[in-house]
Structures are given as structure tokens and as C-alpha cells.
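Mapping to UniProt numbering: the sequence shown position 4 is 4, numbers consecutive.
Just so it is clear, CB atoms sit at the ideal spot from N, CA and C, and this is done for glycine as well.
Note sheet for the following structure.
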Amino acid sequence: MQEHSHCRHRFAETDGPAVFRTIDGIEVNVAGSLFQKCTTCGHFDFPVDTREAIESSLKENRKNTNESKQIYINLVETF
Numbered sequence: 001m002q003e004h005s006h007c008r009h010r011f012a013e014t015d016g017p018a019v020f021r022t023i024d025g026i027e028v029n030v031a032g033s034l035f036q037k038c039t040t041c042g043h044f045d046f047p048v049d050t051r052e053a054i055e056s057s058l059k060e061n062r063k064n065t066n067e068s069k070q071i072y073i074n075l076v077e078t079f
């Protein structure tokens with residue numbers, strides 16, 4: 001467990017899936033990525049590359065007003 005500076009709660013490392021809703025009502029489902037989740041408030045902390053994938057998908061979704069309000073991101077690690 002770690003203490004995170006954003007909410008000062010303890011985080012547990014997990015591998016998903018992570019499901020959350022943005023402020024503008026878009027439901028985001030992320031699978032296949034390790035991330036940390038606050039054990040008290042449910043806040044997610046993603047690695048930088050995962051955050052970039054989420055932001056890119058949200059940007060594309062917001063451009064198209066007719067787009068579904070759900071985003072599914074499946075990140076697969078390749079070696």
C-alpha cells in the first residue's frame with residue numbers, strides 16, 4: 001500500500017478492470033493495465049501511458065456528439 005498526495009489515502013495495486021464516469025457523463029472501462037485504486041474513496045491512479053490512452057479516447061469521443069457515451073479500452077502488454 002502507498003499513500004498518495006492527491007487524496008492522502010492508501011492505495012492498493014490492482015490489474016482491473018477500472019470503470020469510472022467522467023464529469024461530462026462518459027463511462028470509461030479500462031482493462032489490461034495495472035493501476036492503483038484508493039481503498040477508501042475509490043480514486044484511480046493510472047500509469048502515464050494508460051492516462052494518455054484514456055485522454056486520447058476521451059478527446060475523440062467528445063469531438064463526435066453522436067458518439068456513444070461509453071469507452072472501452074483494452075490495453076495488452078506486448079513483449
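- Message: Please give the ranges of any beta strand (DSSP E) in the segment 11 to 47, keeping only runs that are unbroken, at least 3 residues long and fully inside the region.
- Response: 18 to 21, 27 to 31, 35 to 38
- Query: beta strand (DSSP E) containing Asn64: first to last residue?
  - Reply: From DSSP, Asn64 is part of no beta strand (DSSP E); its letter is neither H nor E.
- How about residue 94 and Glu27: do their beta carbons lie closer than 8 Å? With the chain represented from 1 up to 79, any question about residue 94 goes unanswered, as that position is not in the structure.
- Query: Under the criterion of a Cβ to heavy atom distance below 7 Å, does Arg21 qualify as lining the ligand ADP?
  - Reply: With respect to the ligand ADP, the structure offers nothing, as it holds no ligand at all.
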